[in-house]
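Remarks on the structure that follows.
There are 2 protein chains.
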Amino acid sequence: MSTPAPEGYDPHAYAPFAVTVDLAVFTVREARLHVLLVERGQEPFRGRWALPGGFLLPRESAEDAARRELAEETGLGQDTVGALHLEQLRTYTAPDRDPRMRVVSVAYAALLPDLPEPRGGGDAASARWWDTGAAGPLAFDHDRILADAHDRIGAKLEYSCLATAFCPAEFTLGELQQVYETVWGVELDRPNFRRKVLNAPGFVQAVEGPPRRTGGRGKPAALYRAGDATALHPPLLRPPGPDAPHSAPEGRER
Amino acid sequence: MSTPAPEGYDPHAYAPFAVTVDLAVFTVREARLHVLLVERGQEPFRGRWALPGGFLLPRESAEDAARRELAEETGLGQDTVGALHLEQLRTYTAPDRDPRMRVVSVAYAALLPDLPEPRGGGDAASARWWDTGAAGPLAFDHDRILADAHDRIGAKLEYSCLATAFCPAEFTLGELQQVYETVWGVELDRPNFRRKVLNAPGFVQAVEGPPRRTGGRGKPAALYRAGDATALHPPLLRPPGPDAPHSAPEGRER
DNA sequence: CAAATAGTGTCTGTCAGACATTATTGG
DNA sequence: CCAATAATGTCTGACAGACACTATTTG
Chain A
6 MSTPAPEGYD
16 PHAYAPFAVT
26 VDLAVFTVRE
36 ARLHVLLVER
46 GQEPFRGRWA
56 LPGGFLLPRE
66 SAEDAARREL
76 AEETGLGQDT
86 VGALHLEQLR
96 TYTAPDRDPR
106 MRVVSVAYAA
116 LLPDLPEPRG
126 GGDAASARWW
136 DTGAAGPLAF
146 DHDRILADAH
156 DRIGAKLEYS
166 CLATAFCPAE
176 FTLGELQQVY
186 ETVWGVELDR
196 PNFRRKVLNA
206 PGFVQAVEGP
216 PRRTGGRGKP
226 AALYRAGDAT
236 ALHPPLLRPP
246 GPDAPHSAPE
256 GRER
Chain B
6 MSTPAPEGYD
16 PHAYAPFAVT
26 VDLAVFTVRE
36 ARLHVLLVER
46 GQEPFRGRWA
56 LPGGFLLPRE
66 SAEDAARREL
76 AEETGLGQDT
86 VGALHLEQLR
96 TYTAPDRDPR
106 MRVVSVAYAA
116 LLPDLPEPRG
126 GGDAASARWW
136 DTGAAGPLAF
146 DHDRILADAH
156 DRIGAKLEYS
166 CLATAFCPAE
176 FTLGELQQVY
186 ETVWGVELDR
196 PNFRRKVLNA
206 PGFVQAVEGP
216 PRRTGGRGKP
226 AALYRAGDAT
236 ALHPPLLRPP
246 GPDAPHSAPE
256 GRER
């Protein structure tokens, strides 16, 4: 846009593109990472599952479009969607990523606590949660977007307080640990996890009145709320995998 | 793009957008972080400085467009530009960010070793390096893009081997340390810096033949090349600032 | 009581920052 | 010799992982 354009140029002289948003909406259900998908009703990829999303309106930012689409496809209230953390992932611009026309897509990730199935109605009729491991080949380049999103979320858990976004307003440290274990696909030592979470200033704050809640049998756990910090100091680093010496994951836009 | 579109819809029914790339090209000169800017030759913002960039061609990806524009504006060879690390930052979509028309811009960051001034010629005639601290108000929302880019680069230095991209093919550890100090705006302890860099597998590799090079007077330093790793284990963490207890920097898309 | 989950305490090796010291060059 | 930069070594405190142990609930 800073390249000198011809004097008195006509906007239509530049190639028009369609711009969409695609949403990778995650939740943790039963110790598995799930993603919200919609079934396509028409070609191309009719019958295949895809990330929810849609076209930007003429005077709408991508983030506004993402919230609007999310509300439409999940049936969540505008207030919930309005307060939600939306993380811009990256933008996909391969010329042939949509066979119909030139489409540039801005991808976002969103994290939700475990919710009931999206209520049928409007666009949400065909939406459901899928285990990320079981989600088959998706439409367009959405497999790639989903993989990028998973990587990014996993990386962000290390140095941000994002994990609480997967939890309800009040949660136990066991539930928070479950989020980390599910997204990272590892098991963590409970005492050490507690120590790190409680030592990170502003990550969580204890809920005063000693109400407690149980997750079945066993000792009831203390409840916490998300703290006021957004970044995590010190970071809660992922245990070094038994694998590669030095690889280069995506993600990390810290 | 997954929102059900009307059956047999016409692409022109959807709002057309212009898509551009904007480039934050950084280098370290004389212990200061510099960015490549171009002076605008026409309205809007005539005479103001802006990030280099330009419109996507009809069948070109954003990264291809970024490399093409970079070659045009800096006069760098296609081979250099082709091997360069380009980091997609984020996409800016505010509806009024360009007063002329609806423009969505994909921003990239690039890191270069200290180079001579861009050769005049073609679009590069008005390009020059600016100290990031002295760069005045830029055109459009480029101040914001530049600030985001600086944050991101700073964060990436912590957990990636990106810093070597600021250095020539063979460099000393003092030069590498200078990169960190300049981007982060802090001073680092040299012995500790050496230890961490040399302990990070694949970050740098010593150049065999004991050639040495000097940066003035003082003991000549051993030379190193970039290693084969792209991620840094363990990360080289920024010293905790004397400031805020917990803030939320941009950056970090790790 | 057994099983399951929550929570506390401790030990030990590693690594961080801080800093002293030596080495090698130019002026 | 002095200044400047490079390189090595050492000390100490903080923190990580590992793990033993206690507490509280359900069946």
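Residue numbers (our numbering), protein chains in the order written: chain A, 6 to 259; chain B, 6 to 259.
C-beta: ideal position from N, C-alpha, C; glycine also.
Query	Result
Are the CB atoms of Val24 of chain B and Val109 of chain A nearer to each other than 8 Å?	yes
Along the chain, where does the alpha helix (DSSP H) that runs through Tyr185 of chain B open and close?	178–189
Which two residues bound the contiguous beta strand (DSSP E) that contains Gln210 of chain B?	209–211
Rounded to whole angstroms, what is the Cα-Cα separation between Thr31 of chain B and Ser131 of chain A?	Checking the sequence, you will find Phe at residue 31 of chain B rather than Thr. The alpha-carbon atoms of Phe31 of chain B and Ser131 of chain A are separated by roughly 46 Å.
Does Pro239 of chain B pass the burial test, meaning 16 or more other C-beta atoms within 10 Å, or should it be called exposed?	exposed
Under DSSP, the beta strand (DSSP E) around Tyr113 of chain A begins and ends at which residues?	108–116
Is the CB of Pro216 of chain A under 8 Å away from at least one CB in chain B?	no
Can you look up Tyr97 of chain B in the DSSP assignment and give me helix, strand or coil?	strand
Give me the Cβ distance between Tyr185 of chain A and Ala236 of chain A, rounded to the nearest whole Å; I'm assuming they're in contact under 8 Å.	Going by Cβ atoms, the distance from Tyr185 of chain A to Ala236 of chain A rounds to 16 Å, so no, they are not a contact pair.
Between which two residues does the beta strand (DSSP E) carrying Phe283 of chain A extend?	Nothing about residue 283 of chain A can be reported from this structure: the residues present for chain A run from 6 to 259 only.
8 Å is my cut-off, CB to CB: does Arg243 of chain A come that close to chain B?	no
On the DSSP letters alone, give me the boundaries of the alpha helix (DSSP H) that Tyr164 of chain B sits inside.	147–164
Is Val188 of chain B close to chain A, meaning its C-beta is less than 8 Å from at least one C-beta of that chain?	no
Express the C-alpha separation of Ala114 of chain A and Phe176 of chain B in angstroms, rounding to a whole number.	39 Å
So, are the CB atoms of Val188 of chain B and Ile158 of chain B less than 8 Å apart?	yes
Against Gln93 of chain A, what residues of chain B qualify as contacts under a CB-to-CB distance less than 8 Å, listed in chain order?	Arg95, Thr96
Applying the 10 Å Cβ sphere with the 16-neighbour rule, what's the burial state of Gly179 of chain A?	exposed
Going by DSSP in three states, Ala20 of chain A sits in which element: helix, strand or coil?	coil
Give, in chain order, every residue of the region 97–110 of chain A whose Cβ lies closer than 8 Å to some Cβ of chain B.	Thr98, Ala99, Pro100, Asp103, Arg105, Met106, Arg107, Val108, Val109, Ser110
Name the chain A residues that come within less than 7 Å of Arg64 of chain B, Cβ to Cβ?	Pro100
What's the call for Gln183 of chain A, buried or exposed, on a 16-neighbour Cβ count within 10 Å?	buried
Within 10 angstroms of its Cβ, does Met6 of chain B collect 16 or more other Cβ (buried), or is it exposed?	Because the pLDDT of Met6 of chain B is 48, which lies under 50, any placement of that residue in the model is unreliable, and the number read from its coordinates should be weighed accordingly. Under this definition Met6 of chain B is a buried residue.
Are Leu162 of chain B and Ala168 of chain B touching if we call contact CB-CB under 8 Å?	yes
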